[in-house]
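**Q** This structure is in structure tokens; I'll ask about it shortly.
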Amino acid sequence: MRAKVTKQGVRIPKQWLEGIDVVEIRQEQTRIVIEPADMADPILQLGAEPIAVDIDDASIHHDHYLTS
Numbered sequence: 001m002r003a004k005v006t007k008q009g010v011r012i013p014k015q016w017l018e019g020i021d022v023v024e025i026r027q028e029q030t031r032i033v034i035e036p037a038d039m040a041d042p043i044l045q046l047g048a049e050p051i052a053v054d055i056d057d058a059s060i061h062h063d064h065y066l067t068s
């Protein structure tokens, strides 16, 4: 498909986005990439289901592991 670039930008057919509420748009060298945005960031689920075991370092220090 070809589309004319206007002063507002470019239109994308809505039927291509069926079932998608939010998209992520980025430029990669000479391409423009449009893909569904994942609204649920898995990092936000860390610690949501803590475990109870007899280990000193089960998930207590997960921030240290993520930033090291």
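Position 31, counted from 1, in the sequence shown is what the UniProt record's numbering calls 31; the numbers after and before it change by one each time, with no gaps.
Heads up, the beta-carbon is just placed ideally off N, CA and C, and yes, glycines get one too.
Predicted, not measured: the structure shown is a model, and the values here were computed from it.
Specify whether the region 33 to 49 and the region 5 to 23 touch according to this definition: at least 3 beta carbon pairs, one from each stretch, less than 8 Å apart.
**A** yes
**Q** Report the three-state DSSP secondary structure of P36 (helix, strand or coil).
**A** Mapped onto the sequence shown, residue 36 falls at position 36. In the structure shown, P36 sits in a strand (DSSP, three-state: E or B).
**Q** Which same chain residues, not among the five before or five after E24, have their C-beta less than 7 Å away from its C-beta?
**A** Here residue 24 is taken as the residue at index 24 of the sequence shown, counted from 1. E35, A37, listed in sequence order.
**Q** Rounded to the nearest angstrom, what separates T30 and W16 at their Cα positions?
**A** Against the sequence shown, residue 30 aligns to sequence position 30. Against the sequence shown, residue 16 aligns to sequence position 16. Approximately 22 Å between the Cα atoms of the pair.
**Q** What would DSSP say about I51, mapped onto helix, strand or coil?
**A** In the sequence shown, residue 51 corresponds to position 51, counting from 1. In this structure, DSSP gives I51 a state outside helix and strand, which the three-state scheme calls coil.
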